[in-house]
Every structure is written in structure tokens, then in C-alpha cells.
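Asks: Provided herewith is a single structure, encoded as C-alpha cells, for subsequent inquiry.
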Amino acid sequence: MPQLIGEYDCKIDAKGRMRMPTQLLKQLGGDTAHQFVINRGFEKCLMIYPEANWDKITKEMEKLSVYDMKQRQFIRYFYRGASKVSTDSNERVLFPKRLMEYASLEKEVVLFAYNDRIEVWDKEAYDTMLDDEPEDFSALAQEVMAKKDSAEIVEVNVKTMPGGGAASDL
Numbered sequence: 814m815p816q817l818i819g820e821y822d823c824k825i826d827a828k829g830r831m832r833m834p835t836q837l838l839k840q841l842g843g844d845t846a847h848q849f850v851i852n853r854g855f856e857k858c859l860m861i862y863p864e865a866n867w868d869k870i871t872k873e874m875e876k877l878s879v880y881d882m883k884q885r886q887f888i889r890y891f892y893r894g895a896s897k898v899s900t901d902s903n904e905r906v907l908f909p910k911r912l913m914e915y916a917s918l919e920k921e922v923v924l925f926a927y928n929d930r931i932e933v934w935d936k937e938a939y940d941t942m943l944d945d946e947p948e949d950f951s952a953l954a955q956e957v958m959a960k961k962d963s964a965e966i967v968e969v970n971v972k973t974m975p976g977g978g979a980a981s982d983l
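All you need for this note's numbering is the position in the sequence shown, starting with 1, plus 813.
What follows is the structure in C-alpha cells.
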């Protein structure tokens, strides 16, 4: 599966249909209708998963236990509203009304494609979210991306080193 990338400004028509951007569809490949699963995102956005990617996520979800209350709750919330859709002859997808209401999608939306998924945001909500960028993005990047193992300092007890010598003897 190709790694998806890009931001795309799109419009939703009065019937709840949105034309998928050509550049995004090219990344997905193929000349036939594209199959997707649309679901609620973790924030007030929607997630579009190409069908093959949804199948991988479903395999991960199958590992969760329905006998554990937190896992069961997560399963319910995660799958809530999930709907299979495909592009029509005009490369449009039809958003389910409940999902549109959840994400407050009206007319102008932004598609944010990354890795194996596409977020669908109300344009105003997306712009507001990006305006809240942390003051120190570098510090956030370090916190999120830095390897904790590489920052770990290894202390050496010189008394247990061979010869038991002091540090000055090394």
C-alpha cells in the first residue's frame, strides 16, 4: 500500500458527496472505483481508510478482548459509524449523514492524507487546529520522536570493574 501524503481543499455538495482529488486517487492506484471505509476520527474529524488498510486495522482490533470493559468500550467507539463507501463514476464519495454531523462537515473541507489514512476536517476546524501549533514545535518533536534509549545514561560502578581500580586508573 502506498504511503499517502498531502492536504486537499474540497467541497461537499448538497447531497453529501465529495469528489476525491485526482492526485490522491493517483496515489491509491488503479483505474476502477476505489473502496473505502469512513469512520469517526479521534478528534472531531472523519477518517477515510482505503479498504486494504481497514482490513489491517480490523485484524488488530480482533486481538482485543470483548471480556475486558475498556477494550469493549474502545471497540464500540472505534467502530461506531463505520461505513463502507466507494467512488462513483465521477470519483465522488457519499458521506453518511451521521458522520457528517459528528465532524460538523458542511461545505468546505480539508483532506489531510498521511501514512495509510485520510482525515476529513471541516475547513474552519482544521485551520483553527493548525493555529494552535505549539510555541516550541522542536520541543514537541523531541518529546515525541526522540529515542528514549539513546538518552539513557549508563552508570558504571568502578568497584565492580575488572581490577577494581579507580576511575583514574582507567
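Ideal Cβ placement from N, Cα and C applies to all residues, glycine included. Predicted model only: the values in this text are computed from it and were never measured.
ASP826 by DSSP, collapsed to three states: which one?
Replies: coil
Asks: In whole angstroms, give me the CA-to-CA distance for ALA865 and THR871.
Replies: 10 Å
Asks: Enumerate, from N- to C-terminal direction, the unbroken beta strand (DSSP E) stretches of 3 or more residues contained entirely within the segment 848-879.
Replies: 848-853, 859-863
Asks: Over what stretch of residues does the alpha helix (DSSP H) that includes LYS910 continue unbroken?
Replies: 910-915
Asks: So the alpha helix (DSSP H) ALA952 belongs to, where does it begin and stop?
Replies: 950-958
Asks: ASP940 lies in the alpha helix (DSSP H); which residues open and close that run?
Replies: 936-944
Asks: Where do the ends of the alpha helix (DSSP H) carrying ARG889 lie?
Replies: 882-892
Asks: What would DSSP say about LYS897, mapped onto helix, strand or coil?
Replies: strand
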